[in-house]
Ligand code: FES
Ligand code: FE
């Protein structure tokens, strides 16, 4: 099989052999040619998350991101409509925007000055006389991608034949709805993000979002940095949680079943770490019911939702994946707050985010070390396999998909089934 991979012969049969029901071939982390195929067959074919609408608050707001390796700009035009445009000048290909986000009236290419509107239309060409009548501005807008939204989550695709976003998300929609409850009645808002890269394949991170098995070991330093009650809450590997395959590569890992619906059982005792917040909210005049709702929401949901191929709604933040090369991945951790919510509550959320996800946090740096080691190890024993059979004996069928215990590798198996389907499509 590795000879086929070396020779770039990616017939459907070869691809299907690389992903089996309980394992995937190590070349999925290391093979450059396979990576190029992924850009073509996955990132250029399926729905890819590009933004949350709160990142584009006003007419003229924009952000830049990539879909696979193709740079795009997400814009909001004067009619408040959202567009996803290829960040590529129609003259000689320069990117027309290099900032991560901002507000503008237009995008002016820095090379020769062609300028484009917020909807991508080509508005003006400097010194047009030399073109005579051999150019038609209407035929040269920034290329616009098909774009659809669910609950403010903006997705785009290069594939005009793909199913509607609603169908693609399927049973994952119910979990997105639950995730949005952490606005505590306020809309959620992406406050900001930090971007970092790790020297490893993008699927190593994709797997990690529904990997409860690593938590007690990799996150020892996090667990030793919190109070006993919180430590107990995060002791979920043998708990009542579960992982469920939601179809199309999506999956959910419920670590804390009592925190699936943030609006349920609000009368439960407020955890010690949030008592000061509850007091502060009460002293600001919030009614007890809203204090409890806000406090509950601040801690985030008790689950991680993985939407194939590039976005995780993880407890209280979005994690966005961008493949850079077969052995390098960029990650965006987006902090989420309550738009218009009490400052004190939003400050708490940001502190919690920094505590785990921040660059000096007690969580992400430890995860990154583990992912880096996976990539390094994957160069040893190239004919070996990545085992993904944990939880198989306990797997049961549900109306949405397959379900197993919380530390099962069910979510990873779901993602690789979708990988195989897209990569082997004729
Ligand atoms: Fe953009 Fe020439 S490349 S104006
Ligand atoms: Fe982790």
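Numbering (my numbering), first residue to last: 65 to 490.
Think of the CB as a built atom: it goes at the ideal place given N, C-alpha and C, for glycine as much as any other residue.
Where does residue i sit, in a helix, a strand or coil, going by DSSP?
i           : result
residue 426 : coil
residue 107 : helix
residue 178 : coil
residue 88  : strand
residue 368 : strand
residue 308 : strand
residue 469 : strand
residue 334 : coil
residue 166 : strand
residue 356 : helix
residue 302 : coil
residue 451 : strand
residue 317 : strand
residue 461 : strand
residue 345 : helix
residue 97  : helix
residue 489 : coil
residue 194 : helix
residue 55  : A query on residue 55 cannot be resolved here, the shown segment of the chain reaching from 65 to 490 and no further.
residue 70  : With a pLDDT of 48 at residue 70, under the threshold of 50, the modelled position of this residue cannot be trusted; read the value that follows with caution. DSSP places residue 70 in helix when its eight states are reduced to three.
residue 172 : strand
residue 160 : coil
Residue range of the alpha helix (DSSP H) that residue i falls in?
i           : result
residue 245 : Here residue 245 belongs to no alpha helix (DSSP H), and DSSP marks it neither H nor E.
residue 273 : First-last for residue 273: undefined, no H or E at that position.
residue 391 : Careful: residue 391 lies outside any alpha helix (DSSP H) and carries neither H nor E.
residue 79  : 76-82
residue 233 : 229-233
residue 292 : 292-297
With DSSP as the reference, identify every bridge partner of residue i, one or two as the case may be.
i           : result
residue 398 : 257, 382
residue 239 : Residue 239 pairs with nothing; no bridge assigned.
residue 387 : 393
residue 186 : 180
residue 212 : 219
residue 130 : 135
residue 140 : 146
residue 285 : The partner list for residue 285 (beta bridge, DSSP) is empty, contrary to what the question assumes.
residue 377 : 369, 382
residue 252 : 402
residue 125 : 167
Need the endpoints of the beta strand (DSSP E) that residue i sits in, please.
i           : result
residue 217 : 217-221
residue 413 : Careful: residue 413 lies outside any beta strand (DSSP E), inside the alpha helix (DSSP H) at 407-420.
residue 115 : 112-116
residue 322 : From DSSP, residue 322 is part of no beta strand (DSSP E); its letter is neither H nor E.
Am I right that residue i and residue j are in contact with their C-beta atoms under 8 Å? What's the rounded C-beta distance?
i           : j           : result
residue 276 : residue 319 : 6 Å
residue 209 : residue 221 : 6 Å
residue 260 : residue 423 : 7 Å
residue 138 : residue 150 : At roughly 11 Å, the Cβ-Cβ gap does not stay under 8 Å, so residue 138 and residue 150 are not in contact.
residue 257 : residue 399 : 7 Å
residue 473 : residue 466 : Between residue 466 and residue 473 the Cβ distance is about 11 Å, and since that is not below 8 Å, they are no contact.
residue 432 : residue 454 : Not confirmed; about 22 Å, so no contact.
residue 239 : residue 367 : 7 Å
Would you say residue i lies against chain D (beta-carbon separation less than 7 Å)?
i           : result
residue 394 : Among the protein chains of the structure shown there is no chain D, as only one such chain exists.
*Which residues have their C-beta within less than 5 Å of a heavy atom of the ligand FES, listed in chain order?*
153, 155, 156, 158, 173, 175, 176, 178
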